[in-house]
Amino acid sequence: MKVVMLGAPGAGKGTQAKMIAEKYGLPHISTGDIFRANIKGGTALGVEAKKYIDAGQLVPDELTVKILLDRVSQPDCEKGYVLDGYPRTIPQAEVLEKALQERNEQVDFAIDVNVADENIVNRMSGRRACLKCGGTYHLVHIPPKVEGICDACGSELILRDDDKPETVLKRLNVYHEQTQPLIDFYQARGVLRTVDGAKDKNEVFADIVAILG
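Per the numbering used here, residue 37 is the first one in the sequence shown, and the count goes up by one each step.
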């Protein structure tokens with residue numbers, strides 16, 4: 037079972053991807069993790085990717101797909117995998133589709149975790165992080181015991197630049213331009229399934245399990 041997770045930044049698709057992977061015994065594959073593993077391992081693909089990353093450039097789609105296909109060729113992916121954060125654009129989806137077709141494979145499900153922009157802004161602007169120990173909180177859902185102070189180490193909690201409303205809105209605009217067209221792409225292939233990501237994460241997961249079977 038090959039699953040692609042779709043959804044805006046902050047929609048919770050990463051959380052759901054991990055839960056799916058755990059329940060079905062599938063690897064949870066994010067391109068960021070694969071890049072880091074290849075760079076750390078000093079593989080030929082990793083060395084090539086590092087050149088782009090060090091230069092502050094995006095890794096080209098062809099190289100990303102090579103690294104991805106190398107990962108999904110590992111024995112732990114025989115029964116399938118959950119892709120989180122890839123593809124992000126139509127060209128990436130087309131390159132992936134072509135590469136899978138050459139192996140007589142295809143994406144079985146594209147799960148769109150759908151959340152309204154307003155909800156995402158509220159969700160992300162409520163996050164607080166501890167820079168010292170890496171602890172994460174949310175003013176509504178996981179508040180610290182003492183406002184503004186990390187439970188674990190007593191350091192000050194901050195609102196990261198990534199989570200500020202203006203930054204979140206910029207990221208959402210990029211998502212709507214580049215990634216949302218993937219919904220139509222996978223809809224046309226008959227594999228798109230949409231769940232309401234505004235629900236509690238366990239309810240969202242139950243909806244996804246009902247789809248995957």
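Just so it is clear, CB atoms sit at the ideal spot from N, CA and C, and this is done for glycine as well.
Starting from the C-beta of M160, find all residues in its chain whose C-beta is less than 7 Å away, skip the five residues before and the five after it, and write them out in chain order.
G46, D199, V204
Quick test of your reading: I67 and L104, contact by CB under 8 Å. State the CB separation rounded to the nearest angstrom.
The question names Ile, but residue 67 in the sequence shown is Thr. The C-beta distance from T67 to L104 rounds to 7 Å, short enough to fall under 8 Å.
Contacting residues, own chain, Cβ-Cβ under 8 Å from L81 (five flanking each side not counted):
N74, L99, K102, I103, D106
CA nearest to the CA of I65, picked from K237, K59, A53:
Answer by Cα proximity: A53.
If I follow the unbroken alpha helix (DSSP H) through K86, where does it start and stop?
80-90
Round the Cβ separation of V39 and L119 to the nearest angstrom and send it over; I've been treating them as touching at under 8 Å.
Yes, V39 and L119 are in contact; Cβ-Cβ is about 7 Å, under 8 Å.
With distances taken Cα to Cα, identify the nearest neighbour of I185 among R164, R196, G92, H177.
R164
Neighbour-count burial assignment, A188, 16 or more Cβ in a 10 Å radius:
exposed
With respect to the beta strand (DSSP E) encompassing L42, which residues constitute its N-terminal and C-terminal limits?
38-42
Which full runs of the alpha helix (DSSP H) of 4+ residues lie inside the region 109-179, going along the chain?
126-137, 153-161
I75, enclosing beta strand (DSSP E) - first and last residue
Run containing I75: none in the beta strand (DSSP E); it sits in the alpha helix (DSSP H), 67-77.
How is the alpha helix (DSSP H) around V231 delimited, first residue to last?
Unbroken run through V231 is the beta strand (DSSP E), 228-232; no alpha helix (DSSP H).
R207, enclosing alpha helix (DSSP H) - first and last residue:
201-210
The alpha helix (DSSP H) that contains A57, what's its start and end?
49-60
Name, in chain order, the residues that DSSP records as bridge partners for E192.
I185
Taking D112 as the reference, give the member of V227, A57, Q142 with the closest Cα.
Considering only V227, A57, Q142, the residue with the shortest C-alpha distance to D112 is A57.
Give me, in chain order, the residues of the same chain whose beta-carbon lies closer than 6 Å to that of R207; leave out the 5 immediate sequence neighbours on both sides.
Within the same chain, R207 has close Cβ partners P45.
Since I believe G48 is in contact with K237 (beta carbons under 8 Å), could you give me their beta-carbon distance rounded to a whole number of angstroms?
With a beta-carbon spacing of about 6 Å, K237 and G48 fall inside the 8 Å limit used to define contacts.
Which residue comes first and which comes last in the alpha helix (DSSP H) that contains V240?
237-248
Judging by CA-CA distance, which residue of M37, D90, E84 is the nearest neighbour of D97?
E84
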